[in-house]
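One structure is given below, encoded as structure tokens.
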Amino acid sequence: MKIGIDARTLVKNRVGMGVYTHEIIKQLNYLDKENEYYIYSNKEIALDFELNNNFHKCSSKFKIGTIWLYFILPIKLKKE
12 MKIGIDARTL VKNRVGMGVY THEIIKQLNY LDKENEYYIY SNKEIALDFE LNNNFHKCSS
72 KFKIGTIWLY FILPIKLKKE
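As structure tokens, then:
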């Protein structure tokens, strides 16, 4: 199964949702070797661990996160 994750909160100085998203990805990376995960963000994705081969970072620099979420991300999702 292909699973997409909104990782806009995964910046270097994480708080709240960023910490939560980081821990979810970390645990899925440890536990799940079968599903394909696509991590989407409009910024550089900051992780402090190595991702397995079934995880794919999909980031593109775009300053306004809301516009990226509603217009750029749907195009990327259709392509993949």
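If you want the numbering used here, it's the position in the sequence shown, counting the first as 1, plus 11.
Beta carbons: idealized from backbone N, C-alpha and C, even for Gly.
Fair warning: this is a prediction, and the values are worked out from it, not measured in the lab.
Identify every residue that forms a DSSP beta bridge with residue i.
i: F66; result: Y48
i: K74; result: Partner(s): none; K74 has no beta bridge.
Would you please state the rounded distance, in angstroms, between the beta carbons of residue i and residue j? I believe it to be under 8 Å.
i: L49; j: K13; result: According to the sequence displayed, residue 49 carries Tyr and not Leu. Yes, they are in contact, since the Cβ atoms of Y49 and K13 sit about 7 Å apart, within 8 Å.
i: L21; j: I78; result: Contact flag wrong, Cβ pair sits at about 19 Å.
From this set, the options, which residue's C-alpha is nearest residue i's C-alpha?
i: N64; options: D43, R25, K90 and T20; result: D43
i: N40; options: K23, F60 and I56; result: F60
i: S70; options: N53, E45 and T77; result: N53
i: L58; options: W79, T32 and K87; result: T32
i: I36; options: I75, A18, K72 and G27; result: A18
Between which two residues does the alpha helix (DSSP H) containing residue i stretch?
i: L84; result: L84 to K90
Query - Sequence ranges, beta strand (DSSP E) only - wholly within the segment 16-59, length at least 3 - result: 47-52
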